[in-house]
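Q: In my numbering, the protein residues as written are 2 to 566.
Don't be surprised by glycine CBs; every beta carbon is placed ideally from N, CA and C.
What you are looking at is a predicted structure, and each value in this text was computed from that prediction instead of being measured.
I'd like to ask you about the structure that follows.
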Amino acid sequence: MEDAKRTGVRRNLTQPILFVSVIVLLLILVGLPLGTLFYKSVVMQGKLTFVNYTYVFSEQRNILPFWNTLKLGALTVAFSTGIGVALAWLVARTDLPGRRWIEMASLVPYMLPPFIGAMAWTQLLAPRVGYLNKLWTGLFHTPTAPFNLYSFSGIVWVMTMYTFPFIFITAKGALERMNPSLEEAARIAGAGKIRVLRNVTLPLVLPSIMAGMILAFLYTISNFGVPALLGMRARIYVLTTRIYLYMHDGTFQGIRLAAALSVLLLAAALFILLLNRWVLSRQHGAAIISGKSVRPAVVELGKWRAPIACGVVAFLGFIVIAPLVSMFLTSFIRAWGLPLRWENLTLHNYKYILFDYSLTKSAFLNSSLLALTAATVTTAFGALLAYISVKTKLKGRQAIDFLSTLPHAIPGTVVALAMILAWSGQFKLNLYNTFWIIIVAYVVRYLFYSYRNVSASLVQIHPSLEEAARISGASWMQNFRDVIVPLIRPGLVASWLLIFMPTLRELTMSILLYGPHTPTLAVAAYEMQSAGYYHIAAALASLIVVVLLVLNAIVRRVVGGKANA
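So, in structure tokens, the structure goes:
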């Protein structure tokens, strides 16, 4: 009896102690850096002041990037919506041939980082030596190339090509799940296919489309790689690149101004996040998903079936396949700009980055260690947070959801700057220019992936299994280790892979956090591209693309196996 009482007391105390511990840790990892960022933006020499914000809005070189950021987000979302919704409707609701392959091709840009997309499109549309520009000037004998990727329109183009999958995914899901009764009623009333699409189908899935648009806007304004590689060369700046330049200024004023711009970017991101929540709440009232096991009717394209299929294949071939093929071809060229002839092809670029160049050798090792460590630590920590949030009834556990989700909702540039300000000696702990500050940033940024994925797995576990373990005398730790972990293993593996992939090729945070001895693969590719070594950068980017595509195939197999289990 005494032993049973002691075991019960220990069990009752374990969960509250663990909950308080993880909340404190989350506040240190998330709350402290973000609070320090805001503090640094409004305090100067120990006094509260808004001079940093006044200076930011009084300087043309800061106002223009602010408007460029908004304009880039708006234009990218507009074009992405047109492409994403059209492809989603063709794949989900028509008899278009090859829909499965078209869907797979539409998702390829979602698997790859946009900065590699910028590098790939450079091979096609660089003003003088891009393959498409050279083909055009050769065929039409024009003195100048028609396309200039180093422009604002070039930035919009590349961002659109790597953002439309957000809208494609959300629109396709809504189109497949929608209640077909309203469309059937419209057709019975005599409405044609186009009118049904315009007046019934699109209005019904509009909340889902808007949710995708909001995510695409947030993704665009948070991006660093594309504006940096394409815009900075043409002196076109957005908020992320201005923050980067202020941080590389190396002065205290530069850091304060970077903090002020980061707070503005953070405010914009939080506004977008709140707008997304509002849109999702409105979506529940749209009642487009029925409880019946029915599928909306397939629209027959008739005589337009073959022409539309050819047009879609040609379009996706140009925007998805052509840039990657051009980048792979460039990776074998002896020198950037040489024509594609056998005598100009070589494997030296791959040999150089794999065996000869110290930067890339170090980058391969660093990125592998960073990705392995971050994926393992984040998955374990996220699983613990998910268990407390889903499987306990502790008061205040909603704070775990907020603190785990917040870093994922804000731009990576803001997270990186917050880490620099918090962990560069401010609190007697200096991690700057070390391996560990990148690890902390990755864990904080990608904690959302583990927390959400494992939470979904935990919801499916019936409470009776844990009750049986407790009745048998198992402690909380034994229950978690021997019952919970084996049951959610597929979710843990999927979570690990979903964190490993983005951390392996992460650029936005790494470009601000890396030190002399901690370059990453993405940083190495960015530095070589910026320095003009396009053919060597193409070889490194090609290897990254192959690794990411293989990892995505593994994730799809793991997630598919989990779904079938």
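If you reduce the DSSP assignment to three classes, tell me which class residue 224 lands in.
A: In this structure, residue 224 counts as coil in the three-state DSSP scheme.
Q: Taking the alpha carbon of residue 99 as the reference point, which residue from 171, 234, 164 and 315 has its own alpha carbon closest?
A: If we check each option's Cα against that of residue 99, 315 comes out closest.
Q: Counting C-beta neighbours from all protein chains within 10 Å, is the total for residue 249 16 or more, i.e. buried, or is it exposed?
A: Exposed, by the Cβ-count rule.
Q: From residue 126 to residue 162, what does the alpha carbon distance come to, in whole angstroms?
A: Each residue's alpha carbon lies about 14 angstroms from the other.
Q: Can you pull the DSSP bridge partners for residue 587?
A: With the chain represented from 2 up to 566, any question about residue 587 goes unanswered, as that position is not in the structure.
Q: CB residue 25 to CB residue 385, shorter than 8 angstroms?
A: The answer is no: Cβ separation not under 8 angstroms.
Q: Could you check whether residue 451 and residue 533 sit closer than 8 angstroms to each other, using their CB atoms as the reference points?
A: Their beta carbons are not under 8 angstroms apart, which means residue 533 does not touch residue 451 by this criterion.
Q: On the DSSP bridge assignment, give the partners of residue 431 in chain order.
A: 425.
Q: Report, in whole angstroms, the separation of the C-beta atoms of residue 57 and residue 258, which I expect to be a contact under 8 angstroms.
A: Yes, residue 57 and residue 258 are in contact; Cβ-Cβ is about 6 angstroms, under 8 angstroms.
Q: Could you give the distance in angstroms between the alpha-carbon of residue 291 and the alpha-carbon of residue 123?
A: Residue confidence for residue 291 is low, a pLDDT of 49 falling below 50, so the modelled location carries little weight; the figure read from the coordinates is stated next. Distance between the alpha carbons of residue 291 and residue 123: 46 angstroms.
Q: Which ranges would you report for the alpha helix (DSSP H) in the stretch 188-250 if only whole runs of at least 4 residues count?
A: Listed in chain order, they are 194-197, 203-223 and 240-248.
Q: Pick out whichever of 114, 415, 512 and 87 has its Cα sitting closest to the Cα of residue 546.
A: Selected option, being the one with the closest Cα: 114.
Q: Along the chain, where does the alpha helix (DSSP H) containing residue 454 start, and where does it finish?
A: Looking at the DSSP string, the run of the alpha helix (DSSP H) that includes residue 454 is 436-460.
Q: So what does DSSP say about residue 321, is it helix, strand or coil?
A: Here residue 321 sits in helix by DSSP.
Q: Using the Cβ count rule (16 or more neighbours within 10 Å means buried), how would you classify residue 413?
A: By the 10 Å Cβ count, residue 413 comes out buried.
Q: Buried or exposed for residue 18, please, with buried defined as at least 16 other CB atoms from any protein chain shown within 10 angstroms of its CB.
A: So residue 18 counts as exposed.
Q: Quick check on residue 134: buried or exposed, where buried means 16 or more other Cβ atoms within 10 Å of its Cβ?
A: Buried, since its Cβ has 16 or more Cβ neighbours within 10 Å.
Q: Pop quiz: residue 541 and residue 525 are said to be a contact at Cβ under 8 angstroms. What is the actual Cβ separation, rounded to whole angstroms?
A: With 8 angstroms as the limit, residue 541 and residue 525 qualify as a contact, their Cβ atoms being about 6 angstroms apart.
Q: Sort 491, 484, 504 and 431 by Cα distance to residue 443 and report the nearest one.
A: That would be 504, whose Cα lies nearest to the Cα of residue 443.
Q: Span of the alpha helix (DSSP H) holding residue 61?
A: That run of the alpha helix (DSSP H) goes 61-94.
Q: Just curious, the alpha helix (DSSP H) that residue 508 is in, first and last residue?
A: Neither: residue 508 is in no alpha helix (DSSP H) and is coded neither H nor E.
Q: Hey, out of 374, 501 and 391, whose CA is closest to residue 438's CA?
A: Ranking 374, 501 and 391 by Cα distance to residue 438 puts 374 first.
Q: Name the DSSP bridge partner or partners of residue 48?
A: Paired residue(s): 45.
Q: Which word fits residue 252, buried or exposed, when buried means at least 16 other C-beta atoms lie within 10 angstroms of its C-beta?
A: Under this definition residue 252 is an exposed residue.
Q: Whose C-beta lies closer than 6 angstroms to the C-beta of residue 229 among residues of the same chain, with five residues either side of it excluded?
A: Excluding residues within five positions, the ones whose Cβ falls inside 6 angstroms are 242.
Q: DSSP state of residue 300, grouped into three classes?
A: In the structure shown, residue 300 sits in a strand (DSSP, three-state: E or B).
Q: So, helix, strand or coil for residue 15, using DSSP?
A: In this structure, residue 15 counts as helix in the three-state DSSP scheme.
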